[in-house]
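Structure first, commentary second.
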Amino acid sequence: MLQKETKPKHYQKVIRADRWARRLITFGGYGIIVSIAAILLFLAYQSLPLAKNAAIETLFTFPASRGPAKALVVGIDPYQEIFYILDESGYIQFYKVAGTEPVSQAQLPLSGNEKILCAAKGSLASDLFAAGTDSGRIITAEVRFQLDYSGEGRVVIPSLSVKEVWQIPAGGDTLPNHVEKLAFSRNEDGSRFYAWVDHQGALWVRSYDADEEVDYLHPLSQYPGESSVTALTISNHGENLVVAAADGVMRWFGLKDFEKVALRDEWSISNSPVTALSYLLGDQAVAIGTGAGAVEVWFPVRTPSNLMKFRQIHSFRSHSAAVAHIYHSARNRDFLTIDGEGAAQLHYSTTGKTEVQFPRPDFPIAAGAFAPKSDGLLFVDAQKRFTLFRLDNPHPESTVKSLFGKVWYEGYPGPEFVWQSTGGSDEFESKLSLIPLIFGTLKGTLYALLFSIPIALLAAIYVSQFAPFRLSRIVKPTVEIMAALPSVVIGFLAGLYFSTLFEEYLMSTFVLLIFLPLFFLAGVAAWRAVPESYRMKIRPGFEVLFIIPVILIALQASLSLGHPVENFLFGGNFQQWLYTTWGVTYETRNSFVVGFALGFAVIPIIFTVSEDALSNVPKSLTSASLALGASRWQTVRRVVIPAASGGIFAAIMLGLGRAVGETMIVLMATGNTPIIDLNPFNGFRAMSACIAVEIPEAPVGGTLYRVLFLTALLLFIFTFVLNTLSSLIGERLRKKYARF
Amino acid sequence: MERRISYFKQKGDSYIFAASLGLVISLGMVVWIILVILTRGLSFFWPRDTVLVKLQNDSAYLGEMWESKTVYRVDAEGKEHKEEQFQLKIGNRDLYGRDFIWLTRAQVSEESDPTEAVTIERREYGKFFGFIRLVQIGDERFEQPGEILIEKAQEAHRLAIATRERIENTQEDLNNLMQPLANLQREITLLQLSPQAKTEKGQQKLAELQEEATKQEQSIADEYGILNQELERLTLQNRSIILTVATAEGAEKEIYFSEIVRFFQPNMMSGPAKAWIYAGKLWEFVADEPRESNTEGGVFPAIFGTVVMVLLMSIAVVPFGVMAAIYLNEYARQGTMIRFIRLSVNNLAGVPSIVFGVFGLGFFIYAVGGSIDQFFFSDKLPEPTFGTGGILWASLTLALLTLPVVVVATEEGLLAVPRANKEGALALGATRWQMIRKVVLPNALPGILTGLILAISRGAGEVAPLMITGVVKLAPTLAIDGSFPFLHLDRKFMHLGFHIYDVGFQSPNVEAAKPMVYTTALLLIVIVVLLNLVAIYFRNRLRKKYRGSTF
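Line by line, the protein sequences give chains A and C.
To convert, count from 1 in the first sequence and add 288; that's this note's numbering.
To convert, count from 1 in the second sequence and add 30; that's this note's numbering.
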């Protein structure tokens, strides 16, 4: 107490400064912990949504007011404000979401008590549909949603415009012909394609060429023959028609040529008849629903004889009743199956996964539809009650299986690991298997380590154990400079200089690989032949001076022998030989070049760390060994290397970490093609380079963006674990030899 | 014999030779790489002699000899022929469409070094190799070959360059004159597009602005007319200073002198004269803007961008890193937790740089930058201000990347402070902060400096994370300039390392761009190596001190 009173005034200030400094520095200290954790957590947080399953949420459900008439087509506008329903009496009613009375209605031009028997939507971009009636007419109409901003906020105004009313050819008898089943599509040129079955069971195709304004009519009744058609679908661009018959035979017709319909494939499904069919987005895959409730996806696969044949690719969770309807999304490979009892399921074609099972309604579902942005689903049941679901399914294409397993993509001959993130059209499906990237990274690392480990370790052993002090004093800073060389410079040299040089002197390089050890052995033998009295005059540690001429001679010999060897063994052209004998194309920027360049970047790390470990082996151990009569090499081999083995391992781990994460070198020195091939004469695409190239173009929050974050997370974790491992080993080693 | 072999095995001298082989190979590679970059990087600017090559098929090329190689060709009978090939830089991209051709010795019928051959460096289309035919300055024409012609050409060139400068100045005056009006117009357009325009108040404001604009327009009309006339006159004048040159085959080509950077006659130049040109080109390289999609001219914006980025990074990383190191060493209780943190910091150094880039992109740019845009720059949306790559985000990303370097180096410096000094200070009654400030920090300064220099060297050479956080191939404006607020943290910038990648791999004319890349690489290496040598020097001094104090 006494002391405190006598304290001068500035003491308060000092104490305060001390307190603030403590707070600030502690804050800084914690900051670093937080930032490390933040990196890991942020990467994880960004890639986590990939694992999210599809979620649905019932937005509302209510009974529609009017009419028991059967609903045939439903749809909703992109803002999910107005939806419509077409019933069999030809009425289109427009409802406002959350309102029970129709806001307006319109009618298709039907005559008398003409009824609509079937209807089909035919465009990905708009609400265009065709309806077939019992008096043999096909009415094409479009529902339009216009946006009006004149009043308060946005108002969606729906309208119906009838495009065409067309009479199908009359049947054999006097009765008007029915349209029993209908498939319809309009392509981006405006050409329209109709396929229907009339009440005599005959199959017809009509193509309308919008450019020439000409109609083409093709009777196809010879195909199903005796058996009746059970389902049919036309692809979204109108080029393909798939028809299922009651006898289980499926047929694929090409409609590309307006004037001729070609049967492209015919196959049979042995089990129960197909009751629902739909082409999916991309116009390759067809979703099939059978009478037994099975759901399958088929698409054509190229056979060895270069024919396209439909194959079953995936099967999904079955329904308990016959599948009645299949609808597909206009945004991705999602499709919806609805059975006769009202059960509905959402599937994703590529992954073969059934994503959602919808709650079963009280009555069978009459029709359903995807919202235009695929963020909602609309059902209408037999009592004309509506249910609107919000669909939250941002990354359906990424599952553990699709990221790390083989996936059978459309147009591929079988399941494969594929990385192809961007394509030409909107309907392109990104193929995001990480395996080719991981393989590429490991391939580059493998070649880099094969090259760098021996060189770096030998150099470390020499510098730490044998080199005179004057030499090691030059070597260490040089190696540090080597480590500091920007990787972009090494990468650029590898890509523009070494790759062409290597291509030019390919044979010489191979010859050198053989000659170097040979000349080396010869050199040692020559050395031994020198009488010992002379040899003793050279001080230990100056072996380097002797080895340089040996290397130079070997180099010169291989340079001059490269061409004759190529002539002798490979007929003068190694690359051609490689291609004709092994079917391998030689790429200028190949794995050898990367191995060399990446190895160059890794050598200083392995060298520095292992040299440290080797030098830190206690002098007492080596002295004891030498005193017992062991030679210099024996001491190194039996004492130093085992003692430092942990440190050497740590060094290799660190080098591995560096090689795995290096970006610029692999980006510049390879062709960046994501292939899985261990061949050293072609390139690869590494995870790091892939991130660097693709992330600037990836839409924020999209699947590619998140997959790239996942890739970064994998790199982070992998290198972090490697480094921790090597640090722990280093620490143990230090403790172990601290007592000497 | 038996004895000799076992002796051979036992002593194992050959293994020592093998070990030295590893050293020689790694050192050899360093020397090789440095030599390649040095020779190619430095030789690019040296004015090369030109060669006139006449071929068997009567075509002729004038150009610089670049490379030569031996090619083996097998003819139809299976007999092998050895062919000497050489690469000629023929320039004249606008006429030939390519800069280089490979010719075989057998094709050549005649080779000579004409002294009157001239090498012209142009602002567009690269070099022109040819012979001067005619110099036109207005109505004056000079076509008598000889000394006089060259002198006249030089005079014309000086005149044209002076006029060009005047044109640029006048253009700038004109821009300055128009600037307030342009700002006003922009405001009007923005207002017209905004929903505010529909309201009465908005209409009124719009009318006011438009009136103001008309007034301004009238007030500057006179001056505008004068400047514009001057500009037209000068432009016309420069169009009348023309050099007519002929290619090796005699095709004539007119070049405006104002489009010529420099021209010289390499075959009759002395060493010092060439050295003078060399120095001029070297200066152009470091001080000028790039031309011809970065394949010619200088790299000044890239140097500038690198420096500013590294400075910003240092400002962010040094205080934070030093604080963290002091905390770990002086404040935190040593234990498992601190060991774990230290381990994590060390490991952070081994995390691939691209991972930091991804973090910077997702966190700094999209999360932080996006929010800043929402709050402060919502009037410019959807055009992002901070929600896109920029020098601030790139610097912060690199600061995170180099944090472990600074922490580790500072810790090394802190450890070098003798315990006795610290305890002495505390015993004398100093508070902990006083002790740190007066004893620890001054003594640890070399360590901190080492950390800073290593961080700068790493930052200058790193490319991958920058590629995705704000580096561009060509930035129209620098990050620091004369317009308010002088330091533009949201701007994209150029970087030496990225320049190498971009010019070497993304440029349409890689072959012509290569020498430029070598020179840039050399510049980058020189910077990085110098920084590292300084860091090594500091650290060695520190280590010596450390040793001295413990024993």
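Yeah, the Cβ is synthetic: ideal placement off N, Cα and C, and Gly gets one too.
These numbers were taken from a predicted model, which means no experiment stands behind them.
| So, does the CB of lysine 297(A) fall closer than 8 Å to a CB anywhere in chain C? | Counting from 1 along the first sequence, the entry for residue 297(A) is found at position 9. Chain C, which has no Cβ nearer than 8 Å to the Cβ of lysine 297(A), makes this no.
| query | Assuming asparagine 268(C) and serine 288(C) make a contact with CB atoms under 8 Å, what is their CB distance in whole Å? | reply | One-based indexing of the second sequence puts residue 268(C) at position 238. One-based indexing of the second sequence puts residue 288(C) at position 258. So it is a contact: roughly 4 Å between Cβ atoms.
| task | Could you spell out where the beta strand (DSSP E) holding tryptophan 132(C) opens and where it closes? | result | If you number the second sequence from 1, residue 132(C) lands on position 102. 130-134 is the extent of the beta strand (DSSP E) around tryptophan 132(C).
| Between the region 846-877 of chain A and chain C, which residues of the former have CB atoms less than 9 Å from a CB of the latter, in chain order? | His851, Glu854, Asn855, Gly859, Gly860, Asn861
| With contact counted as at least three CB pairs below 8 Å, one residue from each stretch, are the region 558-574 of chain A and the region 519-534 of chain A in contact? | yes
| request: Give me the Cα-Cα distance between proline 906(A) and tyrosine 1025(A), rounded to the nearest whole angstrom. | output: As a first step, residue 906(A) must be located in the first sequence, where it is residue number 618. As a first step, residue 1025(A) must be located in the first sequence, where it is residue number 737. For proline 906(A) and tyrosine 1025(A), the distance between alpha carbons rounds to 7 Å.
| message | Any C-beta of chain A within less than 7 Å: which residues of the region 557-569 of chain C qualify? | response | Val558, Val559, Asn562, Ile566
| request: Establish whether the CB of proline 538(C) and some CB of chain A are separated by less than 8 Å. | output: Taking the first residue of the second sequence as 1, we reach residue 538(C) at position 508. Cβ-Cβ to chain A under 8 Å: no for proline 538(C).
| Secondary structure at methionine 538(A), three-state DSSP: helix, strand or coil? | As a first step, residue 538(A) is located in the first sequence; it is residue number 250 there, counting from the start. Note: methionine 538(A) maps to strand in three-state DSSP.
| Contacting residues, own chain, Cβ-Cβ under 6 Å from isoleucine 839(A) (five flanking each side not counted) | On the first sequence, position 551 is the one that residue 839(A) refers to. Correct list: empty, nothing qualifies.
| task | For methionine 770(A), return the contacting residues in chain C, with the cut-off set at a CB-CB distance below 7 Å. | result | Here the question's residue 770(A) lines up with position 482 in the first sequence. Near methionine 770(A) (Cβ distances below 7 Å), the residues of chain C are Val60.
| said: By the DSSP assignment, the beta strand (DSSP E) with glutamine 381(A) in it spans what residues? | reply: Taking the first sequence and counting its residues from 1, one reaches residue 381(A) at position 93. 379-384 is the extent of the beta strand (DSSP E) around glutamine 381(A).
| said: Give me the subset of the region 767-796 of chain A whose CB atoms are less than 8 Å from a CB atom of chain C, sorted by chain position. | reply: Val767, Glu768, Ile769, Met770, Ala772, Leu773, Pro774, Ser775, Val776, Val777, Ile778, Gly779, Phe780, Leu781, Gly783, Leu784, Tyr785, Glu792
| According to the neighbour-count rule (16 or more other Cβ atoms, all chains shown, within 10 Å of its Cβ), is glycine 990(A) buried or exposed? | To locate residue 990(A), count along the first sequence from 1; it is residue 702. Looking at its Cβ environment, which holds fewer than 16 other Cβ atoms inside 10 Å, glycine 990(A) is exposed.
| Just how far apart, CA to CA, sit isoleucine 35(C) and tyrosine 822(A)? | Taking the first residue of the second sequence as 1, we reach residue 35(C) at position 5. Taking the first residue of the first sequence as 1, we reach residue 822(A) at position 534. Summary for isoleucine 35(C): the model assigns pLDDT 41, below 50, so the residue's position carries little reliability; its value from the coordinates is reported in the next sentence. For isoleucine 35(C) and tyrosine 822(A), the distance between alpha carbons rounds to 19 Å.
| field | For valine 385(A) and phenylalanine 348(A), believed in contact at Cβ under 8 Å, the rounded distance | value | What you label residue 348(A) is simply residue 60 of the first sequence in a count that begins at 1. What you label residue 385(A) is simply residue 97 of the first sequence in a count that begins at 1. Yes, they are in contact, since the Cβ atoms of phenylalanine 348(A) and valine 385(A) sit about 7 Å apart, within 8 Å.
| task | Please state if the CB of histidine 466(A) and the CB of leucine 396(A) are separated by a distance shorter than 8 Å. | result | By one-based count along the first sequence, residue 396(A) stands at place 108. By one-based count along the first sequence, residue 466(A) stands at place 178. In this structure, histidine 466(A) does not lie closer than 8 Å to leucine 396(A) by Cβ.
| request: Using a threshold of 8 Å, state whether the C-beta atoms of isoleucine 285(C) and leucine 273(C) are closer than that. | output: Taking the first residue of the second sequence as position 1, residue 285(C) is located at position 255. Taking the first residue of the second sequence as position 1, residue 273(C) is located at position 243. A contact, by the Cβ cut-off of 8 Å.
| Do the region 833-851 of chain A and the region 42-51 of chain C touch if we need at least three Cβ pairs shorter than 8 Å? | yes
| Quick one: does aspartate 143(C) have its CB under 8 Å from some CB of chain A? | On the second sequence, position 113 is the one that residue 143(C) refers to. Output row for aspartate 143(C): interface = no.
| task | Answer with buried or exposed for tyrosine 993(A), where buried requires no fewer than 16 other C-beta atoms within 10 angstroms of its C-beta. | result | Here residue 993(A) refers to the residue found at position 705 when the first sequence is read from its first residue. Buried: at least 16 other Cβ atoms inside 10 Å.
| request: Would you identify the three-state DSSP class for leucine 519(C), choosing helix, strand or coil? | output: The count along the second sequence starts at 1 and reaches residue 519(C) at position 489. In the structure shown, leucine 519(C) sits in coil (DSSP, three-state: anything other than H, G, I, E or B).
| said: Please list, in chain order, the residues of the region 982-1004 of chain A that have any C-beta partner in chain C closer than 9 Å. | reply: Ile983, Pro984, Val988, Gly989, Tyr993, Leu996, Phe997, Thr999, Ala1000, Leu1001, Leu1003, Phe1004
| How would you write the range of the beta strand (DSSP E) that leucine 553(A) sits in, first residue to last? | On the first sequence, residue 553(A) is found 265 positions in, with the first residue counted as 1. Sequence check: residue 553(A) is aspartate here, not leucine. Looking at the DSSP string, the run of the beta strand (DSSP E) that includes aspartate 553(A) is 550-556.
| Would a check of beta-carbon distances place threonine 336(C) closer than 8 Å to chain A? | The count along the second sequence starts at 1 and reaches residue 336(C) at position 306. Not one chain A Cβ lies under 8 Å of threonine 336(C).
| For the region 472-505 of chain A, which segments carrying the beta strand (DSSP E) assignment without a break, of at least 3 residues, lie completely within its bounds, in sequence order? | 480-486, 491-497
| Simplified DSSP assignment, three categories, for glutamine 633(A) | Along the first sequence, read from residue 1 onward, the residue named residue 633(A) stands at position 345. Three-state DSSP puts glutamine 633(A) in a strand.
| Can you find at least 3 beta carbon pairs, one from the region 875-892 of chain A and one from the region 975-985 of chain A, that sit closer than 8 Å? | no
| field | Rounded distance between the beta-carbons of tyrosine 735(A) and serine 603(A), thought under 8 Å | value | The count along the first sequence starts at 1 and reaches residue 603(A) at position 315. The count along the first sequence starts at 1 and reaches residue 735(A) at position 447. Actually they do not touch by this definition, with Cβ atoms about 42 Å apart.
| task | Kindly indicate which three-state DSSP category alanine 413(A) falls into: helix, strand or coil? | result | The residue given as residue 413(A) occupies position 125 in the first sequence. Of the three classes helix, strand and coil, the one that applies to alanine 413(A) here is coil, per DSSP.
| said: Tell me the DSSP secondary structure of aspartate 622(A) in three-state form. | reply: Stepping through the first sequence from its first residue, residue 622(A) is reached at position 334. Aspartate 622(A) falls in the strand class under three-state DSSP.
| message | Quick check on the DSSP output: the beta strand (DSSP E) that includes phenylalanine 159(C) runs from which residue to which? | response | Locating residue 159(C) in the second sequence gives position 129, where the first residue counts as 1. First-last of the beta strand (DSSP E) with phenylalanine 159(C): 157-167.
| task | Could you check which residue in Ala509(C), Ser383(C), Val470(C), Val540(C) has the C-alpha nearest to that of isoleucine 322(C)? | result | Here residue 322(C) is taken as the residue at index 292 of the second sequence, counted from 1. Contrary to the premise, residue 322(C) reads as glutamate rather than isoleucine in this sequence. Glutamate 322(C) has its Cα closest to that of Val540(C), out of Ala509(C), Ser383(C), Val470(C), Val540(C).
| said: In whole angstroms, give me the CA-to-CA distance for leucine 998(A) and phenylalanine 658(A). | reply: As a position in the first sequence, residue 998(A) is number 710, starting the count at 1. As a position in the first sequence, residue 658(A) is number 370, starting the count at 1. Roughly 30 Å between the two C-alpha positions.
| field | Chain-ordered residues of the region 955-977 of chain A with a beta carbon less than 7 Å from chain C | value | Met956, Ser976
| How long is the line joining the alpha carbons of threonine 675(A) and phenylalanine 667(A), rounded to whole angstroms? | Here residue 675(A) refers to the residue found at position 387 of the first sequence. Here residue 667(A) refers to the residue found at position 379 of the first sequence. C-alpha separation (whole angstroms): 5 Å.
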